[in-house]
Each structure stands twice: as structure tokens, then as C-alpha cells.
Amino acid sequence: MVIILALLFVLFNTISIDAEYRVEMITANKRTIQDKQELGKTITTESRSTDNIVAVHGNFIGSKGNLSYNVQLILNKRFNDKDYRDILYLGDNSYLLLPVKKLDIVFGRKLFSSSPHLTSNWKDGMEGLGVETQLSSQFRFYAYLLDFYRGYPLFEKYFLYKNIQDDVQNGERFRHGLSLVYHKDDIYAKLQFTYLNLGNWGNGTKDDIRSQPKGDADFIYNGTGSVSNKNKYFTVGLELQVARGLDKSQSNSVRKDKSIPISGELVRIYFESYLNFFRTRMELFIPDSDKRNEQGEILETGFIGFGSYPGNAFLLNQELNFYPSGWVTPSGSQKVNSVYNGRQNSFWAHILFSIHLDDFFLSIQGDHLTPRVNSGFSNGSISFDRRDYEKSFLFELTGSILYDRRYIDNFFIQLNFSKLYTSKDILLDGTSIFLQGGMVF
195 MVIILALLFV LFNTISIDAE YRVEMITANK RTIQDKQELG KTITTESRST
245 DNIVAVHGNF IGSKGNLSYN VQLILNKRFN DKDYRDILYL GDNSYLLLPV
295 KKLDIVFGRK LFSSSPHLTS NWKDGMEGLG VETQLSSQFR FYAYLLDFYR
345 GYPLFEKYFL YKNIQDDVQN GERFRHGLSL VYHKDDIYAK LQFTYLNLGN
395 WGNGTKDDIR SQPKGDADFI YNGTGSVSNK NKYFTVGLEL QVARGLDKSQ
445 SNSVRKDKSI PISGELVRIY FESYLNFFRT RMELFIPDSD KRNEQGEILE
495 TGFIGFGSYP GNAFLLNQEL NFYPSGWVTP SGSQKVNSVY NGRQNSFWAH
545 ILFSIHLDDF FLSIQGDHLT PRVNSGFSNG SISFDRRDYE KSFLFELTGS
595 ILYDRRYIDN FFIQLNFSKL YTSKDILLDG TSIFLQGGMV F
């Protein structure tokens with residue numbers, strides 16, 4: 195809130211401003227049906243949600259002296275949810291920038307650097323204070339001095355999700371980081387390192403009674419290396435992430451130490467192709483698993499992710515809220531083996547086909563999730579062996595039709611529809627449809 199108030203103060207006290215406003219109206223409906231076997235009988239439960247949403251997007255770009263700013267705000271109102279409190283969201287970026295000699299001092303929210311050649315649905319960034327500098331024409335260095343990490347919540351990830359505010363969202367935590375980016379022509383590469391101290395934030399930081407009320411001070415290091423290359427017809431990218439840390443817990447005779455080490459890895463593979471009006475995109479998300487003994491007890495925790503929900507599948511995100519690995523969400527570090535609100539290490543494949551015809555954009559995409567086996571012995575490594583994965587799966591098929599005249603007549607309209615399929619052991623069926631339209635001023 196302090197960041198938001200400071201940004202607004204600068205905006206309304208400036209004499210040089212370029213502003214764009216977009217008003218959107220969204221009518222959305224989602225419905226899921228699940229069958230459960232209890233005492234030899236099939237019990238059917240249904241979840242249904244319909245809402246009308248109005249959102250006002252404000253993009254402010256300008257400067258005053260040496261100070262420049264790029265602030266994106268979204269005010270929104272749900273008409274059918276009286277308990278909804280998240281009326282204000284920050285956009286992808288909402289920051290002030292002050293150049294001091296060769297340094298750029300950044301205050302606010304700013305996305306971490308990512309490849310300009312790839313479409314990224316997984317977003318993360320700094321929310322606090324940082325500095326950056328251009329070392330040469332190819333290299334840029336970033337230092338995130340103080341980041342009040344909170345899961346990088348975004349309006350498009352939560353506009354029909356139940357209220358994400360809860361008691362465990364409040365707590366003391368901080369993140370620091372460094373990043374070095376190389377970009378020349380069609381080649382992009384990044385090395386990044388971050389450290390998050392969870393303090394007393396989240397339910398998982400209250401295992402050690404002696405550490406209260408300051409919390410366990412669990413911590414997670416994350417190291418990321420990525421590279422991408424673009425040519426005339428396609429782009430390929432590879433990313434490796436490593437998570438290390440410590441989760442303090444109750445003592446256990448199996449482990450030498452009282453705490454559970456965090457030791458996880460992730461491989462992401464990208465491919466995008468484009469030929470005239472036709473485009474395809476594929477992404478693979480392959481994390482490791484927890485390391486377990488023969489009795490299935492966790493000895494080391496596998497990969498834990500950061501940032502926003504990594505995909506844009508509507509039902510998987512805003513109905514099931516299923517993350518493909520352990521995750522540091524707006525409610526702290528979480529690892530849950532469940533279909534609803536699951537944070538379970540899983541093989542995730544995303545594929546998209548789209549066609550662009552004048553002002554029409556037609557697309558169809560699929561998201562497939564298969565969890566790792568979470569019982570019995572596991573060495574915790576990344577695996578491409580089918581036997582290391584459950585027979586269960588979640589698959590969402592999404593279609594979209596967009597008529598976009600924003601840059602000509604200042605309006606657009608979009609229709610999205612999706613269908614959720616699951617394996618027989620889950621017995622979950624879901625559908626969603628939402629109509630979205632807006633005008634730009």
C-alpha cells in the first residue's frame with residue numbers, strides 16, 4: 195500500500211503525463227462437477243459461479259525533470275460477490291525511475307527481465323527498491339535491494355477467483371536478488387539469483403514453537419539460467435532453475451537434522467514458430483520431486499516456484515488453483531497434494547495454435563498436467579520415465595476469438611471458452627465461458 199500511495203502522489207503532482215485508460219466489461223461463468231465414491235454410492239457435487247465485472251485500466255507514462263514513471267493500475271468491481279475486496283491491482287509494471295549518473299534507481303513494481311522473443315505467461319518481479327545499469331551495449335545488470343515479495347498478484351490471474359485475502363498474507367518477509375542479462379540481436383541470455391527469507395509469513399513458518407512470534411525464518415535460494423534464440427521462422431528457449439533452502443520442522447529420527455532441506459530443480463523448454471498468419475507455441479515445465487525414503491517420508495523438498503500462476507488456463511487457475519509444483523503464493527510457501535488448491539510437482543505441457551486474419555485472432559490451446567508419484571521411495575531427481583508419474587491427469591482445452599480494433603477504432607471484444615477433462619480417478623468435469631469487451635481512451 196505504501197508503494198501504491200507513493201506512486202499516486204507522484205502522478206498527481208506532475209506536469210508531464212501521458213495517460214491511457216481502458217474500460218472493460220466481463221461477463222463470466224464457470225461450472226465444475228465432481229463425482230465421489232462413498233460407501234458404494236456416487237456422490238455428485240457441483241460448483242457454479244457467475245459474475246459481471248467492470249475494470250478500469252489506467253496506464254500512466256511520463257516524466258518530471260529526471261524522474262520518469264511507468265504506472266499501471268486496475269480498479270475493478272464484481273457485482274455478484276459481496277465479499278470481494280481486491281478492488282485495486284497493480285499492472286505488470288508500476289514504478290518510478292530516477293537516473294543517477296550511470297545507475298537507474300527503481301522504486302515500485304517492475305517485472306524481471308525476460309526474453310523479448312518468447313511469450314511469457316509466468317511473471318515475477320521486484321516490488322520494492324532496486325538499481326540497474328547498462329554495463330555495455332549487450333549487458334545489463336540488475337540489483338534487487340529490497341523486494342517485498344507477495345506472489346506478484348495480477349488481475350488477469352484472479353478476476354473470477356475467490357477472494358485471495360486471508361490472515362496468513364500478512365507477515366514479515368523480504369527478498370533480495372541479482373541479475374545479469376545479455377541481449378544482442380536475436381540472442382537473449384540471463385543469469386539470476388534471488389534469496390527469500392519467509393520470516394513469519396505463511397502457515398509453514400510456525401513449526402518451531404521457540405521461534406514464535408518471529409517465525410521460523412525459513413529461506414529459499416533460487417538460481418535461474420536461461421537462453422533463447424530467434425530466427426526467421428521460429429524461436430527456441432531453454433531455462434534451468436535451482437531451488438535451495440531450509441524448512442524448519444519438527445524433529446524426526448529418520449533425518450539427521452531437525453529441518454527439511456529444500457533441494458529442487460526445474461527444466462523449461464520453449465518453442466514458437468510463425469509463418470505468415472499462423473503461429474504455434476509449445477512449453478514444457480518439468481520439475482523434480484521430493485526425495486523420500488522407502489516409507490514415503492519426505493527427506494528433501496523438491497522444486498518450489500515463485501511469482502504468478504505460470505499459465506493462463508482459466509479453470510486450472512481460477513477454479514482449481516492447481517500449481518505444477520510447490521509454490522510461494524500470496525499466502526506463503528505451500529506444498530499440497532490435492533486437486534483443489536494443489537501445489538504438486540507435475541509434468542506440465544502447454545501448446546497453442548493461433549491464426550491472425552486482419553483484425554481477427556483465433557486460437558486454441560491445451561494444458562496437460564500429470565503429477566509425480568507422491569508415495570514410496572523417490573530419489574527426487576527430474577524424470578522422463580512414465581512410471582514416476584501418476585496415472586491421474588488434468589487437461590484443459592481453451593478456445594478464443596478476439597476482434598481487436600484498439601489501434602484503429604479504440605475498442606475490442608473477445609470470447610473465451612474452455613473445457614476441463616480429468617482421469618477417471620479424479621472424476622471432475624468443468625466448463626467456463628466469458629465475454630470481454632473494452633474501449634480505450
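Residue numbers (our numbering): 195 to 635.
We put the beta carbon where it would ideally sit given N, CA and C, even for glycine.
The model shown is predicted, which means the values in this text are computed figures rather than measured ones.
Beyond the five residues adjoining it in sequence on each side, residue 623 comes within less than 8 Å, by CB distance, of 226, 227, 228, 614, 615 and 616 in the same chain, given in chain order. For residue 351, the secondary structure class from DSSP, reduced to helix, strand or coil, is helix. Taking a 10 Å sphere around the C-beta of residue 294, we find fewer than 16 other C-beta atoms and assign the residue as exposed. Considering only 306, 274 and 277, the residue with the shortest C-alpha distance to residue 289 is 306.
Bridge pairing for residue 550: 555 [DSSP].
Look at residue 275 here: in three-state DSSP terms it is coil, with no helix or strand label. About 6 Å separates the CB atoms of residue 483 and residue 574; that is less than 8 Å, so the two are in contact.
For residue 508, the enclosing alpha helix (DSSP H) begins and ends at 508-512. Using a C-beta cut-off of 8 Å, the stretch 313-331 makes contact with the stretch 491-502, since at least three inter-stretch Cβ pairs fall below that distance. CA-CA distance, residue 335 to residue 630, rounds to 39 Å.
Per DSSP, reduced to three states, the secondary structure at residue 287 is strand. Straight through space, the alpha carbons of residue 547 and residue 476 are spaced by roughly 9 Å. In this structure, the beta-carbon distance from residue 244 to residue 274 falls below 8 Å. At a Cβ-Cβ threshold of 8 Å, residue 536 and residue 517 count as neighbours. When the five nearest sequence neighbours on each side are left out, the beta carbons in the same chain lying within less than 6 Å of the beta carbon of residue 297 are those of 325 and 327, in order along the chain.
Taken through DSSP and simplified to helix, strand or coil, residue 573 comes out as coil. Assignment of beta-bridge partners to residue 253 by DSSP yields 214 and 266.
The C-beta distance from residue 366 to residue 393 rounds to 4 Å, short enough to fall under 8 Å. In the DSSP annotation of this structure, the continuous segment of the beta strand (DSSP E) that includes residue 319 starts and ends at 319-328. Annotation for residue 464: 312, 431 and 477 place their beta carbon closer than 6 Å to its own, counting only its chain and skipping 5 residues before and after. Within the model, the alpha-carbon separation for residue 551 versus residue 216 is close to 24 Å. CA-to-CA, the gap between residue 490 and residue 462 works out to about 27 Å.
Between residue 266 and the set 259, 349, 509 and 331, the nearest pair of CA atoms involves 349. Put simply, the backbone Cα of residue 597 is about 6 Å away from that of residue 608. Scanning 433, 626 and 268 for the CA closest to the CA of residue 513 turns up 626. Taking 8 Å as the cut-off, the Cβ atoms of residue 412 and residue 369 do not count as close.
Judged by their CB atoms, residue 284 and residue 263 are not nearer to each other than the 8 Å cut-off. For residue 494, the enclosing beta strand (DSSP E) begins and ends at 492-494.
For residue 521, the uninterrupted beta strand (DSSP E) segment begins and ends at 520-523. Put simply, the backbone Cα of residue 397 is about 34 Å away from that of residue 374. The beta carbons of residue 414 and residue 498 sit about 6 Å from each other, so the pair counts as a contact at 8 Å. Ranking 538, 559, 554 and 555 by CA distance to the CA of residue 545 puts 559 first.
In this structure, 381 is the residue among 308, 354, 381 and 352 with its C-alpha nearest to the C-alpha of residue 332.
Between residue 521 and residue 479, the C-beta spacing is not below 8 Å. The C-alpha of residue 456 lies about 20 Å from the C-alpha of residue 582.
DSSP places residue 609 in the uninterrupted beta strand (DSSP E) bounded by 605-616.
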